[in-house]
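Engineer: If you're matching positions, the sequence shown starts at 1 in UniProt numbering and goes up one per residue.
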Amino acid sequence: MRTDFLDGEDKQLVSFAFEYESAGKRITWNDLASRMRRKRHPRELEQRLRALKRTYGKDLARFPRCLRPRAATADNRPVAPPAVCIPPPLQTSQAERAIQDIYSSVYAAEVRQEKPGRRTRMLVRCCPSQSQVSYR
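#1: Quick one: residues in its chain with C-beta nearer than 7 Å to the C-beta of F5, no 5 flanking neighbours on either side, listed in chain order?
#2: Distance check for E96 and I102, CA to CA, integer angstroms please.
#3: What does the alpha-carbon distance come out to for the pair P64 and K11?
#4: What distance in whole Å lies between the Cβ atoms of L60 and E21, which are believed to be in contact at a cut-off of 8 Å?
#5: What is the rounded straight-line gap between the Cα of M36 and the Cα of R62?
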């Protein structure tokens with residue numbers, strides 16, 4: 001179903017509706033329509049909120065994060081620290097050792113081609129054990 005409501009309007013509508021819901025009040029659609037940035041008819045707002053509730057459920061606090069107000073997001077789900085920690089970059093000697101370990105098992109027969117391309121030559125030149133590699 002197409003709608004002419006923008007994402008920002010949906011978020012604002014859900015935010016105001018959440019305020020009413022958390023205060024335990026019924027939504028006063030005329031008041032809510034006057035608080036919206038873009039002026040809409042109260043009936044339009046009521047229909048849009050009804051459609052959003054059909055899509056995401058009746059509990060406004062369980063709406064997707066992109067539609068929930070920040071207060072509801074903070075109350076329901078604490079922000080967890082990132083699960084993956086990025087290690088610091090390797091020092092030069094450590095990087096050289098890692099490259100040697102990677103290329104130590106590469107033999108000249110595996111690298112040799114009839115017509116080596118530019119990138120292949122670069123790979124072979126970077127190989128730490130250049131004595132293993134030869135071109136013909």
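Cβ atoms here follow ideal geometry from the backbone N, Cα and C, with glycine treated the same way.
Structural biologist: Taking the coordinates as given:
#1: Same-chain partners within the cutoff: R48.
#2: Just so you know, the alpha carbons of I102 and E96 end up roughly 10 Å apart.
#3: Answer to the nearest angstrom: the Cα atoms are 10 Å apart.
#4: The Cβ separation is near 6 Å, so the contact holds.
#5: Distance between the alpha carbons of M36 and R62 is about 22 Å.
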